[in-house]
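Below is one structure, written out as structure tokens; the observations come after it.
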Amino acid sequence: MKKVKKVCLHAVLGLLIGMGVLFCGDVRHIVAYDKDKVIVSGDYEYVVLDDGTAELVEFHGTGMDKYYVKVPTEIDGFKVSVIGEHLYAGSVGPWTVEIPEGITILGEGCFGSSSSLYSINVASTVNVINKYAFAGCS
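Below, the structure is given as structure tokens:
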């Protein structure tokens with residue numbers, strides 16, 4: 107297993123800002139989704155976007171390792187491209203987060219108000235980080 111480097115959250119965000127990756131706009135979802143089209147799979151609920159990828163919209167947390175969260179790259183055969191709004195908000199750690207290749211958008215407040223966020227590893231494919239994605243984290 108690849109060792110996850112310890113990275114200060116502030117340093118990561120500073121780097122992303124410096125690289126021009128951070129976008130603090132109001133992009134909520136690439137495509138608005140119909141609540142009737144939400145699919146439940148294990149600990150997640152998701153919707154299939156127009157481009158055939160998935161947006162994770164709910165996380166129920168029963169399968170979350172207390173110390174490590176790896177956002178799935180695929181769910182039910184669909185590549186995951188969007189971490190939806192408030193998906194992991196309010197999670198309690200200490201924990202490390204790995205956002206893998208293929209994820210392109212971090213939704214508004216997706217990790218907001220999470221306590222004891224120890225480190226985060228963000229893939230180079232992430233090109234939009236919406237406002238409040240990490241607001242209130244400690």
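Under the numbering used here, the first residue of the sequence shown is numbered 107, with each subsequent residue one higher. All C-beta atoms in this analysis are idealised placements derived from N, C-alpha and C, irrespective of residue type, glycine included.
Residue 214 vs residue 191 beta-carbon contact at 7 Å: yes
Which residues in the same chain have their Cβ closer than 6 Å to the Cβ of residue 166, if we skip the five residues on either side of it in sequence? 149
Using the Cβ count rule (16 or more neighbours within 10 Å means buried), how would you classify residue 173? exposed
So, helix, strand or coil for residue 141, using DSSP? helix
Please name the residue, chosen from 152, 210 and 195, that lies closest to residue 182 on a Cα-to-Cα basis. In terms of CA proximity to residue 182, 152 leads the group 152, 210 and 195.
Let me know the secondary structure DSSP gives residue 180 once reduced to three states. strand
Could you work out which residue in 210, 186 and 196 is closest to residue 229 when comparing CA atoms only? 210
Tell me the DSSP secondary structure of residue 202 in three-state form. In the structure shown, residue 202 sits in a strand (DSSP, three-state: E or B).
Looking at residue 89: is its Cβ nearer than 7 Å to the Cβ of residue 244? The structure shown has nothing for residue 89, since the chain only spans 107 to 244.
Can you give the Cα-Cα distance for residue 202 and residue 223, rounded to whole angstroms? So the two alpha carbons sit approximately 6 Å from each other.
Once you ignore the five residues that flank residue 194 on each side, which residues in its own chain have a CB closer than 8 Å to its CB? 165, 175, 203, 216, 217 and 220, listed in sequence order.
Would you check if the distance between the CB atom of residue 189 and the CB atom of residue 155 is smaller than 7 Å? no
Please name the residue, chosen from 205, 242 and 207, that lies closest to residue 198 on a Cα-to-Cα basis. Nearest to residue 198 by C-alpha distance, out of 205, 242 and 207, is 242.
Using DSSP with H/G/I as helix, E/B as strand and the rest coil, what is residue 236? coil
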